[in-house]
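Heads up: the structure comes next, in structure tokens.
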């Protein structure tokens, strides 16, 4: 996915500035693990608020700590909305799949909405990505495999 | 050693894997062996050629990268079916080791080949997917199967070496904040089929 691509990656926190310093060089910095989150990921939805049921971005989760609906309690519709919301939030999307070929963002969204085998794989990867990003952003690290 | 390669190269994805394998496996690790590439044979004729050559005495390894069809068939150029469950002769796989970078065929075709005498099968039970920016890592991990086999390792030793490489590259991708690619590579590793995981994919002590 492009926000992580070497060619297109946005400035990564921590690459130019050592952990423990912000852009201005101040030492009152966010947790070191926050530096491991690709920039674009902060603006992508990672779940739904347990109160208002609205999508919550990674940034909102870290800054406001709203209660998230547990991922295993999401309805199929919520899960689809979450995954497609993330796909549509990417600057570009390209995935190559043997048996299928090269698929773009629109195709990926269709596959997820259709609940195809490929769509399920994409959803599974996105849900794993969410857990990784939350782990990195909150300093808990990447969750171990279930 | 006689080797048969069956790489598809008629679309963007298979062209990439074909190019990678030519440069990083065939020209480097297979160069001292008797290798047959059916690169330019059109699909209708290719199945006949595969059938004839695969039955020749001395052929030990069949390897390729191409699209799979519903876990039952491996295809070459233009989706021409080369191997399909129930539609090939036993002697085409009997006594050989087979490795296909392809989607899903570890599910049915691989075990079917082993039932027909294939000594060891390597492949994937799900769609093999790759992220462009890290494509080299994806191809490298899969190619380690062919390289390990040609080095004379047992199927089990190959599996262990390949898993270690997958995990190394997954870690490196995460360190480079390419988490999405890391997760897809991990997904591919989870669907890797090899004798070490189940006897339906052959004998883990098999070697070339």
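Protein chains in written order, with this note's numbering: chain Y, 29 to 174; chain X, 3 to 210. Virtual Cβ for every residue (Gly too), placed ideally from N, Cα, C. No experiment lies behind these values; they were computed from the predicted model shown.
Contacts between residue 163(Y) and chain X, judged by CB atoms closer than 9 angstroms, are missing: the closest CB pair is about 10 angstroms apart. At a cut-off of 8 angstroms between beta-carbon atoms, residue 99(Y) makes no contact with chain X. Residues of chain X with a Cβ closer than 9 angstroms to the Cβ of residue 123(Y) are, in chain order, 131, 132, 133, 134 and 186. DSSP, reduced to helix, strand and coil, places residue 126(Y) outside both helices and strands of the structure shown, so it counts as coil. Annotation for residue 47(X): the continuous alpha helix (DSSP H) segment containing it runs 45-56. The C-beta distance from residue 83(Y) to residue 73(Y) rounds to 4 angstroms, short enough to fall under 8 angstroms. A straight line joining the alpha-carbon of residue 81(Y) with that of residue 90(Y) spans about 17 angstroms. Using a Cβ-Cβ distance cut-off of 8 angstroms, the region 108-116 of chain Y and the region 145-157 of chain Y are in contact, since at least three pairs of beta carbons, one from each stretch, lie closer than that value. Taken atom to atom, the span from the alpha-carbon of residue 118(X) to that of residue 92(X) is near 5 angstroms. Distance from residue 106(X) to residue 127(Y) at the Cβ level is roughly 6 angstroms; contact confirmed, criterion being Cβ atoms closer than 8 angstroms. Residue 19(X) places its beta carbon less than 8 angstroms from that of residue 67(X).
Per DSSP, reduced to three states, the secondary structure at residue 94(Y) is coil, with no helix or strand assignment.
Per DSSP, reduced to three states, the secondary structure at residue 99(X) is strand. Relative to the Cα of residue 87(Y), the nearest Cα in the group 163(Y), 100(Y) and 170(Y) belongs to 163(Y).
Of 29(X), 96(X) and 207(X), the smallest CA-CA separation from residue 160(X) is found for 207(X).
Close CB contacts of residue 110(X) within its chain, under the 6 angstroms cut and outside five residues either way in sequence, are with 73, 74 and 87 (chain order). Following the DSSP letters along the chain, one finds residue 113(X) inside the alpha helix (DSSP H) bounded by residues 111-117. In this structure, the beta-carbon distance from residue 104(X) to residue 126(X) falls below 8 angstroms. Neighbourhood of residue 149(Y) in chain X, by CB distance below 8 angstroms: 128, 129, 131 and 189, in chain order. According to the DSSP assignment, residue 84(X) belongs to the beta strand (DSSP E) that extends over 83-86. Across the set 80(X), 17(X), 70(X) and 76(X), the C-alpha of 80(X) shows the shortest separation from the C-alpha of residue 43(X). The Cβ neighbour count for residue 112(X), taken over all protein chains shown within 10 Å, is at least 16; the residue is labelled buried. Look at residue 146(Y): its C-beta is under 8 angstroms from a C-beta on chain X. Using beta-carbon distances, residue 160(Y) counts as an interface residue toward chain X, with a partner under 8 angstroms.
Taken through DSSP and simplified to helix, strand or coil, residue 161(Y) comes out as helix. Taking CB atoms only, residue 171(Y) has no neighbour in chain X less than 8 angstroms away. Taking residue 159(Y) as the centre and dropping the five residues before and after it, the same chain places the C-beta of 171 closer than 7 angstroms to its C-beta, in chain order. In this structure, DSSP gives residue 141(X) a helical state, which the three-state scheme calls helix. Secondary structure note for residue 142(Y): its alpha helix (DSSP H) is the uninterrupted segment 133-142. In the DSSP assignment, residue 85(Y) falls outside any alpha helix (DSSP H) and within the unbroken beta strand (DSSP E) covering 83-85. Taking C-beta separations shorter than 6 angstroms and ignoring five residues to either side along the sequence, the partners of residue 156(X) in its chain run 207 and 209, following chain order.
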